[in-house]
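*Asks:* Just so it is clear: in the sequence shown, position 78 is 893 by this note's numbering, and no numbers are missing.
Positions of the beta carbon are idealized from the N, C-alpha and C atoms, including for glycine.
Encoded as structure tokens, here's the structure I'll be asking about.
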Amino acid sequence: MALWHDLQEDVLANAGGGGRASVLKALLISHSVKTIFRYRLSHALLHRGGIGRLLSKWLWLRNIRLAACHISPRAIIGPGLRLPHAVGIVIGEGVVIGEGATIYQHVTLGTSRSAGIPAYPTIGDDVRIYANVVIFGAITVGHRATVGAGLVVSRTIPDDAVCRNDRRVRVDVADA
816 MALWHDLQED VLANAGGGGR ASVLKALLIS HSVKTIFRYR LSHALLHRGG
866 IGRLLSKWLW LRNIRLAACH ISPRAIIGPG LRLPHAVGIV IGEGVVIGEG
916 ATIYQHVTLG TSRSAGIPAY PTIGDDVRIY ANVVIFGAIT VGHRATVGAG
966 LVVSRTIPDD AVCRNDRRVR VDVADA
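Shown next, in the form of structure tokens:
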């Protein structure tokens with residue numbers, strides 16, 4: 816079952832050392848793993864009839880209340896998600912995130928409207944998004960890209976790019 820595979824990958828990604836003690840610690844006390852678990856279960860329950868939708872919404876609201884994370888159950892997130900500081904994260908309903916992504920605190924992945932149609936970003940595999948980043952619109956963040964802290968991104972970022980904020984508050988894209 817995909818749910819259990821994804822959860823296993825998420826736990827291993829957040830376990831640090833990967834040994835038995837690290838995995839047990841991640842399962843028992845990791846705020847990030849609990850936040851990801853609630854999202855995964857909410858996502859799995861979304862299309863399971865009326866009771867499933869109700870439980871999905873309840874889990875989504877629990878994530879908002881307990882972690883201040885608004886991660887839509889309609890978002891599609893690959894396995895191995897890391898949330899080192901799972902606080903203030905917003906992931907909209909049409910967002911697609913690849914495998915092995917790392918997202919830090921206060922990141923918003925949201926929509927822009929083009930001709931009244933919502934448009935969401937697509938995040939590639941092994942992407943790192945640092946604190947206080949806003950990514951919106953129908954753009955793609957390429958595989959293995961790094962997005963530096965405090966940026967507002969509204970253009971596509973190529974694979975292996977590093978985006979950072981310089982003193983002129985301008986986004987530079989350079990090959991890693």
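When we look at the beta-carbon of Ser-887 and count the other beta-carbons within 10 Å, is it buried (16 or more) or exposed?
*Replies:* Under this definition Ser-887 is a buried residue.
*Asks:* Should Thr-923 and Arg-897 be called a contact, given that it needs their Cβ atoms to be closer than 8 angstroms?
*Replies:* No, the Cβ-Cβ distance between Thr-923 and Arg-897 is not below 8 angstroms.
*Asks:* Taking 8 angstroms as the limit between beta carbons, can you name the residues of its chain near Ile-879, skipping five residues before and five after?
*Replies:* Contacts found: His-885.
*Asks:* Less than 6 angstroms between C-beta atoms, sequence neighbours within five positions excluded: which residues of the same chain meet that for Thr-955?
*Replies:* Closer than 6 angstroms at the Cβ level, and outside the excluded window around Thr-955, lie Thr-937, Thr-971.
*Asks:* Out of Gly-895, Ala-859, Gly-865, state which residue places its alpha-carbon closest to the alpha-carbon of Arg-889.
*Replies:* For the residues Gly-895, Ala-859, Gly-865, the minimum Cα distance to Arg-889 belongs to Ala-859.
*Asks:* Tell me whether the beta-carbon of Tyr-935 lies closer than 8 angstroms to the beta-carbon of Val-962.
*Replies:* No. Outside cutoff.
*Asks:* Starting from Arg-855, trace the alpha helix (DSSP H) both ways and give me its first and last residue.
*Replies:* Arg-855 -> alpha helix (DSSP H) spans 846-860.
*Asks:* Determine the direct distance from the alpha carbon of Leu-966 to that of Gly-925, and round the result to whole angstroms.
*Replies:* Whole-angstrom Cα-Cα distance: 14 angstroms.
*Asks:* Should Trp-873 be labelled buried (16 or more other beta-carbon atoms within 10 Å of its own) or exposed?
*Replies:* Result: exposed.
*Asks:* Within 10 Å of its beta-carbon, does Arg-853 have 16 or more other beta-carbons around it, so buried, or fewer, so exposed?
*Replies:* So Arg-853 ends up on the buried side.
*Asks:* Check whether the Cβ atoms of His-846 and Pro-894 lie closer than 8 angstroms to each other.
*Replies:* Not a contact, by the Cβ cut-off of 8 angstroms.
*Asks:* By DSSP, does Arg-979 sit in helix, in strand, or in coil?
*Replies:* Arg-979 falls in the strand class under three-state DSSP.
*Asks:* Can you give the Cα-Cα distance for Gly-957 and His-900, rounded to whole angstroms?
*Replies:* Going from the Cα of Gly-957 to the Cα of His-900 covers about 23 angstroms.
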